[in-house]
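>
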Amino acid sequence: MASLVPPPRSSPESDDCAQWYARELGWATAGTSPVRLLTGLSFDVLDLPAAAGHAALRRVGRTGPVVVAGGRMRLLVAAGSADELPGLLDWLEWGGITLDLSAIGSGGHITAPVPPGGTADSPGTAFWLRPPGSRQETEPSLPALGGLGSSGGDAPDLVRLVDAAATECHRARIAHARTHLWTHRPTGQPLAFS
């Protein structure tokens, strides 16, 4: 005989969070604890290490909304961009190189950050580094391929953002490899210089 387990109860805070996203931005949500923002409908996400993301943001400047959660950064981009990432990386000559850069598109989700003005209650909680504006401001500001999507001509360029993100992910990987080699080199072995 199977035992019946009631579904988890939502808290007023999670209900308020989900309602805020639906009311203010028109974004679809799922779940209650944590609330998740569904990707592929209003936006897709580029996901990369936070350190590489911060370096990419310094290079690119203007982007759409940006979320930080734990050691990861999530850059919101125009819906459909996740499908473009593999081809775009190939075109930018990053294809075949292992990068800690991925895209979350249709059928995916991210943990909803506390709405702007709210407070994150624990370390690692998702928060807005660059919060979204109003519904009318946000979607046109999402990075998109030039001339594609609903962004028109004023949105940040997806190609430039992906190139900066890939470059910084690669730099972080090289720096990690150098550190690993230096700290794990056999003792007593002289360094070789050429």
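Residue numbers (the working numbering): 1203 to 1396.
Heads up, the beta-carbon is just placed ideally off N, CA and C, and yes, glycines get one too.
Just so we're clear, the structure is a prediction, and the values are computed from it rather than from any experiment.
1) Is it right to say Pro1288 is buried, meaning 16 or more other beta carbons lie within 10 angstroms of its own, or is it exposed?
2) What does the Cβ neighbour count give for Trp1229, buried or exposed, with the cut at 16 atoms within 10 Å?
3) How many angstroms separate the CA atom of Trp1293 from the CA atom of Ser1235?
4) Determine the closest residue to Arg1264 out of Val1279, Ser1308, Glu1226, with distance taken between C-alpha atoms.
5) Could you check if Thr1340 is buried or exposed, using at least 16 other CB atoms within 10 Å of its CB as the buried criterion?
6) Judging by CA-CA distance, which residue of Tyr1223, Arg1380, Leu1347, Thr1369 is the nearest neighbour of Ala1257?
7) To which residues of the same chain is Gly1273 closer than 7 Å at the C-beta, ignoring the five residues directly before and after it?
8) In chain order, which alpha helix (DSSP H) runs of at least 4 residues are fully inside the region 1282-1336?
9) Please report the distance separating the alpha-carbon of Gly1297 from that of Gly1310.
10) Can you list, in chain order, the residues of its chain whose CB lies under 8 Å from that of Ala1314, leaving out five sequence neighbours each side?
11) What first and last residue would you give for the alpha helix (DSSP H) that runs through Val1268?
12) Since Leu1278 sits in a beta bridge, which residues does DSSP pair it with?
13) When DSSP labels each residue in this structure, what does Ala1346 get in the three-state scheme?
14) Can Thr1241 and Ile1299 be called in contact, C-beta distance under 8 Å?
15) Mapping the DSSP letters down to three states, classify Thr1234 as helix, strand or coil.
16) What residues are listed by DSSP as bridge partners for Leu1239?
17) Nearest to Asp1365 by alpha carbon, out of Arg1225, Leu1259, Asp1246?
18) Between the Cα of Pro1358 and the Cα atoms of Arg1373, Pro1342, Cys1371, His1372, which residue gives the shortest distance?
19) Express the C-alpha separation of Arg1337 and Pro1373 in angstroms, rounding to a whole number.
20) Return yes when the C-beta of Ala1366 is under 7 Å from any heavy atom of the ligand GDP, and no when it is not.
21) Are Val1316 and Leu1277 closer than 8 Å when you measure CB to CB?
Here's the rundown:
1) Position 86 of the sequence shown, counted from the start, is the residue given in the question as residue 1288. Label assigned to Pro1288: exposed.
2) Along the sequence shown, one-based indexing puts residue 1229 at 27. So Trp1229 counts as buried.
3) Mapped onto the sequence shown, residue 1293 falls at position 91. Mapped onto the sequence shown, residue 1235 falls at position 33. The alpha-carbon atoms of Trp1293 and Ser1235 are separated by roughly 40 Å.
4) Along the sequence shown, one-based indexing puts residue 1264 at 62. The shortest Cα separation from Arg1264 among Val1279, Ser1308, Glu1226 belongs to Val1279.
5) Residue 1340 sits at position 138 when you count from the first residue of the sequence shown. With 16 or more other Cβ atoms from the protein chains shown falling within 10 Å of its own Cβ, Thr1340 counts as buried.
6) Counting from one through the sequence shown, the residue named residue 1257 turns up at place 55. The shortest C-alpha separation from Ala1257 is found at Thr1369.
7) Walking along the sequence shown from the start, residue 1273 turns up at place 71. These residues qualify, in order along the chain: Pro1251, Ala1252.
8) 1283-1293
9) Here residue 1297 refers to the residue found at position 95 when the sequence shown is read from its first residue. Here residue 1310 refers to the residue found at position 108 when the sequence shown is read from its first residue. Approximately 23 Å between the Cα atoms of the pair.
10) As a position in the sequence shown, residue 1314 is number 112, starting the count at 1. Excluding positions up to five away in sequence, the list reads Cys1219, Ala1220, Tyr1223, Thr1231, Pro1236, Val1237, Arg1238, Leu1239, Ala1328.
11) Reading the sequence shown from its first residue, position 66 is the one you call residue 1268. Where Val1268 is concerned, there is no enclosing alpha helix (DSSP H), although the beta strand (DSSP E) it sits in stretches over 1268-1271.
12) Here residue 1278 is taken as the residue at index 76 of the sequence shown, counted from 1. Answer by DSSP bridge pairing, in chain order: Val1247.
13) Your numbering for residue 1346 matches position 144 in the sequence shown. Strand at Ala1346.
14) Taking the sequence shown and counting its residues from 1, the one referred to as residue 1241 is at position 39. Taking the sequence shown and counting its residues from 1, the one referred to as residue 1299 is at position 97. In this structure, Ile1299 does not lie closer than 8 Å to Thr1241 by Cβ.
15) Taking the first residue of the sequence shown as position 1, residue 1234 is located at position 32. In this structure, Thr1234 counts as coil in the three-state DSSP scheme.
16) Sequence index remark: in the sequence shown, residue 1239 carries index 37 (1-based). According to DSSP, which records beta bridges pairwise, Leu1239 is partnered with Thr1231, Ile1312.
17) Sequence index remark: in the sequence shown, residue 1365 carries index 163 (1-based). Ranking the options by Cα distance to Asp1365, first place goes to Leu1259.
18) Along the sequence shown, one-based indexing puts residue 1358 at 156. The candidate whose alpha carbon is nearest that of Pro1358 is Pro1342.
19) Looking up residue 1373 in the sequence shown gives position 171. Looking up residue 1337 in the sequence shown gives position 135. Before going further, note that residue 1373 is Arg rather than Pro in the sequence given. Computed Cα separation, rounded: 35 Å.
20) In terms of ligand content, the structure shown is empty, and the ligand GDP therefore cannot be addressed.
21) As a working note, residue 1316 is residue 114 in the sequence shown. As a working note, residue 1277 is residue 75 in the sequence shown. Contact: no.
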